[in-house]
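In our numbering, the protein residues as written are 526 to 625. See below for the structure under consideration.
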Amino acid sequence: MTFEFLYPATREFEEAFDWYAHRSARAAEGFRAKVREAIQRAMENPTSAGFPAGKRSRKILLDPYRYGLVYFVHRDFLYVVAIAPNRKPPRYWVRRIKNA
């Protein structure tokens, strides 16, 4: 299985990483590591990592960071739909799945 970030998820990751980097290089690297760890977990157990976030999607919380990684699987691809800030409305990213 391989993974791919949808473009909006890439932007969200970059914005969050930059925000943490302005505060601390260690925090930014920790955030990046949490995202990598979440992707690895999702690839190892795509139907059970995290919790259901919709009909076709799942979400893995990136604790202690206030974000969640939202993904769905289609065939042999894991698509990262969002690096969702907890402050945003739930399921703001749902249209991305329909457009993927």
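All residues carry an ideal CB built from backbone N, CA and C; glycine is no exception.
- Per DSSP, reduced to three states, the secondary structure at residue 584 is strand.
- A residue is called buried once 16 or more other Cβ atoms fall within 10 Å of its Cβ, and residue 558, having fewer, is exposed.
- Straight-line spacing of the CA atoms in residue 529 and residue 603 works out to 6 Å.
- Fewer than three pairs of CB atoms, one per stretch, sit closer than 8 Å, so the stretch 562-571 makes no contact with the stretch 541-553.
- In this structure, the straight-line span from the alpha carbon of residue 570 to that of residue 577 is close to 13 Å.
- Taking the C-beta atoms as reference points, residue 537 is found nearer than 7 Å to residue 608.
- When rounded, the separation of the alpha-carbon atoms in residue 594 and residue 553 is 16 Å.
- Leaving aside the five residues that flank residue 625 on each side, the residues in its chain whose CB is nearer than 7 Å to its CB run, in chain order, 531, 604.
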